[in-house]
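Peer 1: Quick one: this structure, given as structure tokens, is what I'll be asking you about.
Residue numbers (the working numbering): 118 to 211.
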């Protein structure tokens, strides 16, 4: 259904959601995130690929804090980057 509950429930951090219809030029990605401190809504963060390489800066759209579970970070990314983003790096915090 796209609700995202499975993202925070997966013990292997293996589930993420990609909404390719978010806008004409951007996709919405919902990722599991367990690092502290959490990014804030509206903050620009670095998008990382599966090898940890920096793809570019993207905007945090939402931070869903889930008590005793994995948090969910929603990112607005260019459609060309959507299938590559797997994690984030918060500038100056990691």
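Note that the Cβ used here is the ideal one computed from N, Cα and C, for glycine as well.
Quick caveat: nothing in here was measured; it's all calculated off a predicted structure.
Looking at residue 191 and residue 179, is the spacing between their C-beta atoms short of 8 Å?
Peer 2: Cβ atoms of residue 179 and residue 191: closer than 8 Å.
Peer 1: Can you tell me the Cα-Cα spacing of residue 130 and residue 201, whole angstroms?
Peer 2: So the two alpha carbons sit approximately 16 Å from each other.
Peer 1: Near residue 148, what residues of its chain come up, given a Cβ to Cβ distance below 6 Å and the 5 sequence neighbours on each side ignored?
Peer 2: If we look at residue 148 and ignore the five residues flanking it on each side, its Cβ neighbours are 133, 190.
Peer 1: Going by DSSP, name the residue or residues bridged to residue 176.
Peer 2: Partner(s): 161, 193.
Peer 1: Closest to residue 173 by C-alpha separation, out of 163, 182, 136, would be which residue?
Peer 2: The shortest C-alpha separation from residue 173 is found at 163.
Peer 1: Check each candidate in 205, 151, 146 and name the one with the smallest Cα separation from residue 125.
Peer 2: Here the closest residue by C-alpha is 151.
Peer 1: Please go through the same chain and pick out, in chain order, the residues whose beta-carbon is closer than 7 Å to the beta-carbon of residue 157, but skip the five residues on each side of it.
Peer 2: These residues qualify, in order along the chain: 177, 180.
Peer 1: Three-state secondary structure (DSSP) at residue 122?
Peer 2: The answer is helix: DSSP assigns residue 122 an H, G or I state.
Peer 1: Buried or exposed: residue 184, going by 16 or more other Cβ atoms within 10 Å of its Cβ?
Peer 2: Residue 184 comes out exposed.
Peer 1: Here's the rule I'm using: 16 or more other beta-carbon atoms within 10 Å means buried, otherwise exposed. How should residue 182 be labelled?
Peer 2: Residue 182 is exposed by the Cβ-count criterion.
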